[in-house]
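Novice: Residue numbers (the numbering used here): 3 to 540.
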Amino acid sequence: MKAQVQEKPPEVATKLEAEPAPAPSIASAAERNFNPVRESFRDVTKWSLIKSTVRVFVRIYKLQGWKEALRVFPIVWVIIRAVHGFARYHMDEFERTSKEGSDVESAVLSDEKYEEYRLLGAWLLKQLHALGPTFIKIGQTLSTRADLLPLPAMLELAKLQEEVAPIPYEIARATIIRELGAPPEQLYAHFDCEPIAAASLSVAYRATLKDGRSVVVKVQRPDLTQRLAHDVQVLGAVADEVMKYPSLCRHTDWPSVNDEFARTTFEEIDYIREGRNADRFRHNFRNHPNIYIPRIVWRLTGRRVLTIEFVPGTRVTDVESLEKQGFNRAELTKIGANFYLKQLLEDGFFHADPHPGNMRVMPDGRIGIFDFGMVGRLSHELKQHLVNSFIHVIQRDYLALVDDFIGMGFLQEDVDREALAAELTPIINSRFSEGLNRVQFRKVLFDFSDVCYRYPFKLPTEFTYVMRALLTLEGVALVINPDFNFVDAAMPFAQRIAMRDSSMISQVVMKEVFTEGKFNPGGAIKLIRAAARLRTLV
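(1) Throw me the rounded Cβ distance for the Phe-312 and Val-217 pair, which I believe falls under 8 angstroms.
(2) Would you decide whether Trp-68 is buried or exposed? Buried here means 16 or more other CB atoms lie within 10 Å of its CB.
(3) Is it buried or exposed for Gly-123, if we count other Cβ within 10 angstroms and need 16 for buried?
(4) Report the start-end ranges of each alpha helix (DSSP H) in the stretch 57 to 93 that is 4 residues or longer and not cut off at the edges.
(5) Anyone know if the C-beta pair for Val-205 and Pro-168 falls short of 9 angstroms?
(6) Quick check: the stretch 345 to 361 against the stretch 237 to 247, are at least 3 beta-carbon pairs closer than 8 angstroms?
(7) Suppose the cutoff is 8 angstroms on Cβ atoms and the five residues either side in sequence are ignored; what does the same chain contact list for Val-259 look like?
(8) Could you tell me which of Ala-209, Ile-408, Ser-202 and Glu-196 sits nearest to Gln-188, measuring between CA atoms?
(9) Rounded to the nearest angstrom, how far is the Cβ of Ile-371 from that of Ile-271, given a contact under 8 angstroms?
(10) Once DSSP output is grouped into helix, strand and coil, what is the label at Gln-222?
(11) What does DSSP give as the partner residues of His-2 in its beta bridges?
(12) Does the separation of the CB atoms of Val-318 and Leu-308 fall below 9 angstroms?
(13) Let's see if you can read the secondary structure: which residues bound the beta strand (DSSP E) around Met-361?
(14) Per the DSSP calculation, Arg-368 is bridged to which residue(s)?
(15) Can you round the beta-carbon distance between Ile-429 and Val-453 to whole angstroms, since I take them to be within the 8 angstroms contact cut?
(16) Can the beta-carbon of Asn-292 be found less than 9 angstroms from the beta-carbon of Lys-344?
(17) Since I believe Leu-159 is in contact with Leu-127 (beta carbons under 8 angstroms), could you give me their beta-carbon distance rounded to a whole number of angstroms?
(18) Under DSSP, the beta strand (DSSP E) around Ser-204 begins and ends at which residues?
(19) Looking only at DSSP bridge pairs, what is Phe-193 linked to?
(20) Starting from Glu-311, trace the beta strand (DSSP E) in both directions and tell me its first and last residue.
(21) Cβ atoms of Met-361 and Gly-375: under 9 angstroms apart, would you say?
(22) Could you pull the start and end residues of the alpha helix (DSSP H) that Pro-135 belongs to?
(23) Name the DSSP bridge partner or partners of Ile-293?
(24) In the DSSP output, which residue or residues are listed as bridge partners for Thr-316?
(25) Can you name the start and end residues of the alpha helix (DSSP H) that Ile-482 belongs to?
(26) Taking DSSP as the reference, what is the three-state secondary structure of Val-46?
(27) So what's Ile-169 in DSSP terms, helix, strand or just coil?
(28) Would you mind sorting Asp-604 into buried or exposed? The rule is 16 or more other CB atoms within 10 Å of its CB.
(29) Taking three-plus beta-carbon pairs below 8 angstroms as touching, is the stretch 173 to 191 in contact with the stretch 138 to 146?
(30) Could you say which of Ser-323, Leu-401 and Arg-379 lies nearest to Met-364 if we only look at CA atoms?
(31) Kindly indicate the opening and closing residues of the alpha helix (DSSP H) around Gly-338.
(32) Please name the residue, chosen from His-382, Leu-51 and Gln-66, that lies closest to Arg-229 on a Cα-to-Cα basis.
(33) Can you tell me whether DSSP reads Ile-198 as helix, strand or coil?
(34) List in chain order: all unbroken alpha helix (DSSP H) runs of 4+ residues lying wholly within the stretch 379 to 421.
(35) Could you please give the first and the last residue of the uninterrupted alpha helix (DSSP H) stretch that includes Ser-323?
(36) How long is the line joining the alpha carbons of Asn-340 and Arg-275, rounded to whole angstroms?
Below, the structure is given as structure tokens:
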């Protein structure tokens with residue numbers, strides 16, 4: 003597949019450079035004429051981009067030779083143009099929402115802007131197809147990120163979930179023979195040569211076992227490991243260059259993000275590991291009748307071929323079909339939210355790729371989940387910090403919330419806790435003033451963007467996939483049920499987790515009710531008020 007795509011993208015942005023950021027102030031961003039998106043690019047110039055691209059080219063040439071080094075130019079070009087275009091969108095959005103009386107809920111693109119971003123999405127779709135499976139995978143992820151891309155661009159990139167070219171059957175058959183030791187016609191009672199789905203990393207076929215069960219056979223694309231290894235090296239070189247721009251790496255360790263992407267992607271193409279992940283999910287949800295995790299057929303599974311039970315049903319975002327079948331969409335989103343919250347707050351082992359293609363509403367109302375190649379893990383300590391931060395928001399204890407951010411690795415311990423808490427207070431109070439049940443993650447991120455720029459926030463690699471999965475899941479749920487609110491669904495679940503974990507409760511009580519070993523009546527009253535507020539919100 004040729005990667006050198008020279009088509010000119012639609013023009014969607016002009017200059018990203020700006021004057022240095024003003025000194026931190028509690029004044030609003032609009033009052034300070036401050037835009038954190040623009041400030042993120044203040045170190046970037048055309049000349050610096052050219053020099054960075056040349057350095058990446060030289061590095062890849064030394065590692066991989068001329069052929070792979072030539073791929074650097076189209077890859078870097080696509081990254082620059084995509085970031086340039088979507089940064090313009092975020093600058094406009096921040097400036098609009100910073101104005102008095104404006105809010106992200108009222109965001110409606112004009113016809114002109116809608117078409118502008120649709121064209122950018124269509125252009126990016128074409129480039130990612132040409133660059134190959136690694137970049138198709140990245141595009142599939144972007145297609146579910148409402149926090150990063152405007153809707154028309156997301157809709158274009160969503161075509162990557164369906165419009166990836168399959169591999170010839172002869173290649174898939176040869177892979178099955180190498181992995182399982184016999185051709186599919188001998189291993190299965192029936193094997194359909196036409197694929198039912200083609201993804202960036204694999205192709206799926208329907209088959210029937212000799213005992214009559216319907217299954218899906220997932221076959222890996224050829225030469226995938228080498229292609230991924232080469233592309234990850236290029237992305238790693240790009241990430242190292244990005245770290246040379248202080249304004250671009252204030253909040254993110256890009257090489258670590260690339261390392262995490264490489265780790266999870268290489269884990270994803272090991273189908274024995276994926277099968278074990280599926281078995282673990284089946285065990286974790288064995289007592290949850292509304293969730294169905296299909297069984298792995300281990301005797302017909304290898305590192306590059308996986309056989310799993312077929313999950314019949316309707317794609318979760320096919321709202322029209324769900325309506326016709328009489329499903330309660332609000333109930334479906336509640337089941338999905340509880341499914342995910344259990345993974346995060348209870349199991350510490352979560353599905354890191356919850357896009358619509360991996361979920362089906364089965365005829366009996368259960369939600370079937372599959373494709374367990376990409377998973378994430380959270381330690382008990384991080385789970386505890388997540389629940390504590392939830393409790394501290396309810397308590398309006400923003401100093402404690404800053405401590406939670408430090409504990410989760412978002413901030414260093416030397417941060418000015420009092421100053422940051424003072425800035426968080428009006429932001430959270432205004433967003434939560436109508437009740438926690440009206441809060442959406444994407445809107446909270448928008449509200450925090452100004453503060454996050456001016457304080458040394460960094461997203462630890464452990465949370466990269468947590469944030470991505472939560473935002474993806476929220477976006478999917480809003481398609482199914484526009485009235486869905488993740489926090490509203492999470493409240494009863496998080497309350498049960500907090501009440502069940504005696505160590506968590508005792509820590510909060512001891513901190514609030516006893517100060518330096520002495521009874522603190524003010525802290526006791528604070529806890530009583532927080533409990534009353536929680537009961538009201540739930």
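Beta carbons: idealized from backbone N, C-alpha and C, even for Gly. Since this is a predicted model, take the numbers as computed values, not measurements.
Specialist: According to the structure shown:
(1) Taking the sequence shown and counting its residues from 1, the one referred to as residue 312 is at position 310. Taking the sequence shown and counting its residues from 1, the one referred to as residue 217 is at position 215. So it is a contact: roughly 6 angstroms between Cβ atoms.
(2) Within the sequence shown, the letter at position 66 stands for residue 68. The residue is exposed, with fewer than 16 neighbouring Cβ atoms inside 10 Å.
(3) The count along the sequence shown starts at 1 and reaches residue 123 at position 121. Buried, by the Cβ-count rule.
(4) 68 to 71
(5) As a working mapping, residue 205 is identified with position 203 in the sequence shown. As a working mapping, residue 168 is identified with position 166 in the sequence shown. Taking 9 angstroms as the Cβ cut-off, Val-205 and Pro-168 qualify as a contacting pair.
(6) no
(7) Here the question's residue 259 lines up with position 257 in the sequence shown. Cβ within range, chain order: Ala-241, Thr-463 and Thr-466.
(8) Taking the first residue of the sequence shown as 1, we reach residue 188 at position 186. Ranking Ala-209, Ile-408, Ser-202 and Glu-196 by Cα distance to Gln-188 puts Ala-209 first.
(9) As a position in the sequence shown, residue 371 is number 369, starting the count at 1. As a position in the sequence shown, residue 271 is number 269, starting the count at 1. Not quite, the Cβ-Cβ distance comes to about 20 angstroms (not below 8 angstroms), so this is no contact.
(10) Numbered from 1 along the sequence shown, position 220 holds the residue referred to as residue 222. Strand, per DSSP.
(11) Since the first and last residues shown for the chain are 3 and 540, residue 2 lies out of range.
(12) Along the sequence shown, one-based indexing puts residue 318 at 316. Along the sequence shown, one-based indexing puts residue 308 at 306. It is not a contact, given that the beta carbons lie outside the stated cut-off.
(13) Locating residue 361 in the sequence shown gives position 359, counting from the first residue. Counting along the chain, the beta strand (DSSP E) containing Met-361 begins and ends at 361 to 363.
(14) The count along the sequence shown starts at 1 and reaches residue 368 at position 366. BP columns for Arg-368 are empty, so no partner.
(15) Against the sequence shown, residue 429 aligns to sequence position 427. Against the sequence shown, residue 453 aligns to sequence position 451. Confirmed, Cβ separation roughly 7 angstroms.
(16) The residue labelled residue 292 in the question sits at position 290 within the sequence shown. The residue labelled residue 344 in the question sits at position 342 within the sequence shown. No, these two residues do not count as a Cβ contact at 9 angstroms.
(17) By 1-based counting over the sequence shown, the position of residue 127 is 125. By 1-based counting over the sequence shown, the position of residue 159 is 157. At roughly 6 angstroms, the Cβ-Cβ gap stays under 8 angstroms, so Leu-127 and Leu-159 are in contact.
(18) Here residue 204 is taken as the residue at index 202 of the sequence shown, counted from 1. Here the beta strand (DSSP E) through Ser-204 covers 204 to 210.
(19) Stepping through the sequence shown from its first residue, residue 193 is reached at position 191. Phe-193 is bridged to Ala-209.
(20) Translated into positions along the sequence shown, residue 311 becomes position 309. Per DSSP, Glu-311 belongs to the beta strand (DSSP E) from 307 to 311.
(21) The sequence position of residue 375 within the sequence shown is 373, counting from 1. The sequence position of residue 361 within the sequence shown is 359, counting from 1. No, the Cβ-Cβ distance between Gly-375 and Met-361 is not below 9 angstroms.
(22) Counting from 1 along the sequence shown, the entry for residue 135 is found at position 133. 135 to 144 is the extent of the alpha helix (DSSP H) around Pro-135.
(23) Your numbering for residue 293 matches position 291 in the sequence shown. Its beta-bridge partners are Ile-369.
(24) What you label residue 316 is simply residue 314 of the sequence shown in a count that begins at 1. Val-363.
(25) What you label residue 482 is simply residue 480 of the sequence shown in a count that begins at 1. Its alpha helix (DSSP H) spans residues 463 to 482.
(26) The residue you call residue 46 lines up with position 44 of the sequence shown. Reduced to three states, the DSSP call for Val-46 is coil.
(27) One-based indexing of the sequence shown puts residue 169 at position 167. Ile-169: coil per DSSP, three-state reduction.
(28) Past the edges of the chain, shown from 3 to 540, lies residue 604, and the structure says nothing about it.
(29) no
(30) Locating residue 364 in the sequence shown gives position 362, counting from the first residue. The option with the nearest alpha carbon to Met-364 is Ser-323.
(31) Residue numbering aside, residue 338 sits at position 336 when the sequence shown is read from its first letter. Its alpha helix (DSSP H) spans residues 331 to 343.
(32) What you label residue 229 is simply residue 227 of the sequence shown in a count that begins at 1. The residue with the shortest Cα to Cα distance from Arg-229 is Gln-66.
(33) Start at 1 with the first residue of the sequence shown, and residue 198 comes out as number 196. Here Ile-198 sits in coil by DSSP.
(34) 382 to 397 and 400 to 409
(35) In the sequence shown, the residue the question calls residue 323 occupies position 321. Where Ser-323 is concerned, the enclosing alpha helix (DSSP H) stretches over 321 to 326.
(36) Within the sequence shown, the letter at position 338 stands for residue 340. Within the sequence shown, the letter at position 273 stands for residue 275. So the alpha carbons of these two residues sit roughly 25 angstroms apart.
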